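Trainee: Numbering-wise, full-length UniProt numbering puts 319 at position 319 of the sequence shown, and it's gapless, one number per residue.
From the three backbone atoms N, C-alpha and C, an ideal C-beta is built for every residue, glycine too.
Keep in mind it's a predicted model, so treat the numbers as computed, not measured.
Right, I'll just put the structure down here and ask away after.
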Amino acid sequence: MQLTKDQLLSANEPGLRRHESDYNHLSDKLSEAGVAVEPVVDALSKFQVAIPSWALGAGGTRFGRFSFHGEPGTLEQKLDDVGILHALTQTAGAVSLHIPWDTPTDYAAVREHAAELGLAFDAINSNTFQDQPGAVHSYRHGSLSATDEGARQQAIEHNLRVVEIGEKLGSKSLTVWLADGTNFPGQRNFQRNLVQTEDSLRQIYAGLPADWKLFIEYKPYEPNFYSTVIQDWGTSFLLANACGDRAFTLVDLGHHLPNTNIEQIVSTLMLKGKLGGFHFNDSKYGDDDLTVGSVKPYALFLIFNELVYGMRNNPQNPDLAWMIDASHNVKDPLEDLLQSLEAIQLAYARALLVDQDELATAQGDHDVVRCQEILQNAFRTDVRPLVERARLSRGGALHPLGAYRQLDVRRELVRERGKHTVATGL
Ligand code: AOS
Ligand code: ZN
Ligand code: ZN
Ligand code: ZN
1 MQLTKDQLLS ANEPGLRRHE SDYNHLSDKL SEAGVAVEPV VDALSKFQVA IPSWALGAGG
61 TRFGRFSFHG EPGTLEQKLD DVGILHALTQ TAGAVSLHIP WDTPTDYAAV REHAAELGLA
121 FDAINSNTFQ DQPGAVHSYR HGSLSATDEG ARQQAIEHNL RVVEIGEKLG SKSLTVWLAD
181 GTNFPGQRNF QRNLVQTEDS LRQIYAGLPA DWKLFIEYKP YEPNFYSTVI QDWGTSFLLA
241 NACGDRAFTL VDLGHHLPNT NIEQIVSTLM LKGKLGGFHF NDSKYGDDDL TVGSVKPYAL
301 FLIFNELVYG MRNNPQNPDL AWMIDASHNV KDPLEDLLQS LEAIQLAYAR ALLVDQDELA
361 TAQGDHDVVR CQEILQNAFR TDVRPLVERA RLSRGGALHP LGAYRQLDVR RELVRERGKH
421 TVATGL
């Protein structure tokens, strides 16, 4: 199923007058306050976030999984779903594949289908956290960190194979998330595992094409509950440094212990030119993978404020690979992703409103109250008209979620794919 321009135009029609007056009102107000509105809208319209191929089916936990009607059963259908998100929001113009869950069979057809939907292939993800059918070695006791050479070599080779697959699709980066760790004190030797991991990552890095980047994710716990080999940004950073210039840390918002100052981590990494990728989600307790902005929207704004600062002031840091890494068990996955995309745009828009020069002045004057006011004024602005304008300028929906429901997209997907469907992958 694909949404047509006509469908979107007719869905937008009834709301356009309201939008026009909201936009003019906000734009007058911001202009009076010295904000150049057009560059903000322009930046918003260019911001593209990758959708992971594993987020399109209903999520689940180890206790069970409630499937959702009309889930995509093939890679082609997953691309169709991302195409729907992109048609509505104009901000989901990329897909992030997970291998082996979504290994293409006909590459030319997959490339063509993605191009038709206006989608690029962003970072590709390897998987050494599950044993695959027929695998010679098990990852039960580790993959890239394994002390069993057979398992470690198998994991290295898998990553290199993933790069080959990515090359055929036009990806330019590999994301490694390692589940390796231990469940009990004393189970393994920390130093030995780190040495093995560094060596494995360097071998993978050495096999990357010259224009590829390596992103190294970190996470404090889960699936192992005593220790994780790459537990924090510091470990990821030192491994990225050990690999070389094209290896970077990837920040996943859910991969921090409660109350960690993520905005400061982002800031440090960008200063050092080592922030490569970003996984958006929200969390209350741990790696909850909740809808972006559903629990801590102010924290998200503060993180975006550092990202915007870094994007303007840190040419040493590359353009970031943005991805949503959320899933929710009880929602329509596409509606959940629309909510996440909206939350990302809103946080970005607010961060773009922060007057960085004024903030620097207030900081210089040690006017702590003013500093806080500058941030909170931006956060408290209802920026929805700016986000709407950015979408409209690219032919998207005025209200993506509303249009999705009004156009009965899920019913159409169920009609095409059937009611009792199970997405491949997770
Ligand atoms: C796992 O916690 C990481 O967030 C990964 O980025 C990703 O969710 C995983 O590779 C998919 O299972
Ligand atoms: Zn992640
Ligand atoms: Zn995660
Ligand atoms: Zn997560």
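Which of the three DSSP states, helix, strand or coil, is assigned to H279?
Mentor: Strand.
Trainee: Using the beta-carbon count (16 or more within 10 Å), is Y404 buried or exposed?
Mentor: It counts as buried.
Trainee: Measuring from the CB of G254, is there a heavy atom of ligand 6 at a distance below 6 Å?
Mentor: Only ligand 1, ligand 2, ligand 3 and ligand 4 can be found as ligands here, which leaves ligand 6 out of the picture.
Trainee: Is the Cβ-Cβ distance between S45 and A58 less than 7 Å?
Mentor: No, the pair does not count as a contact, with Cβ atoms beyond the cut-off.
Trainee: Please indicate yes or no: does the CB of D325 lie closer than 6 Å to some heavy atom of ligand 1?
Mentor: Yes, since a heavy atom of ligand 1 falls inside the 6 Å radius drawn around the Cβ of D325.
Trainee: Does ligand 1 have even one heavy atom less than 6 Å from the beta-carbon of D131?
Mentor: No, the beta carbon of D131 sits no closer than 6 Å to any heavy atom of ligand 1.
Trainee: Thinking just about the alpha-carbon of each residue, which of N314, Y221 and S200 is nearest to the one in H256?
Mentor: With distances taken between Cα atoms, H256 lies closest to Y221.
Trainee: Taking all protein chains shown into account, do 16 or more other C-beta atoms lie within 10 angstroms of the C-beta of T249, making it buried, or fewer, making it exposed?
Mentor: Buried, since its Cβ has 16 or more Cβ neighbours within 10 Å.
Trainee: In chain order, what are the residue ranges of uninterrupted beta strand (DSSP E) at least 3 long that sit wholly in the region 206-247?
Mentor: The region 206-247 contains these whole beta strand (DSSP E) runs: 213-217.
Trainee: Give the DSSP-derived three-state secondary structure of A55 in the structure shown.
Mentor: Helix, per DSSP.
Trainee: Would you list the one or two residues that DSSP bridges to H420?
Mentor: H420 is not bridged to any residue.
Trainee: So, are the CB atoms of N193 and S145 less than 7 Å apart?
Mentor: Yes, they are a contact pair.
Trainee: If contact is defined by three or more beta carbon pairs under 8 Å, each pair taking one atom from either stretch, is the region 194-208 in contact with the region 226-245?
Mentor: The answer is yes - the region 194-208 touches the region 226-245, with three or more Cβ pairs under 8 Å.
Trainee: Could you give the residue range of the beta strand (DSSP E) that holds M323?
Mentor: Segment A321 to I324, the beta strand (DSSP E) holding M323.
Trainee: Should the region 88-98 be regarded as contacting the region 399-418, the criterion being three or more beta carbon pairs within less than 8 Å?
Mentor: The region 88-98 vs the region 399-418: in contact.
Trainee: Which residues in the same chain have their Cβ closer than 7 Å to the Cβ of F301, if we skip the five residues on either side of it in sequence?
Mentor: Excluding residues within five positions, the ones whose Cβ falls inside 7 Å are A347, R350, A351 and F379.
Trainee: Along the beta strand (DSSP E) that carries A94, what are the first and last residues, could you check?
Mentor: From DSSP, the beta strand (DSSP E) with A94 extends over A94 to S96.
Trainee: Excluding the 5 residues preceding and the 5 following G395 in the sequence, name in chain order all residues of the same chain whose CB lies nearer than 8 Å to its CB.
Mentor: Result list for G395: K5, L8 and Q90, in chain order.
Trainee: What separation, rounded to the nearest whole angstrom, lies between the Cα atoms of A151 and L119?
Mentor: Between A151 and L119, the C-alpha separation is close to 35 Å.
Trainee: Taking 6 Å as the limit between beta carbons, can you name the residues of its chain near G142, skipping five residues before and five after?
Mentor: The residues are D180.
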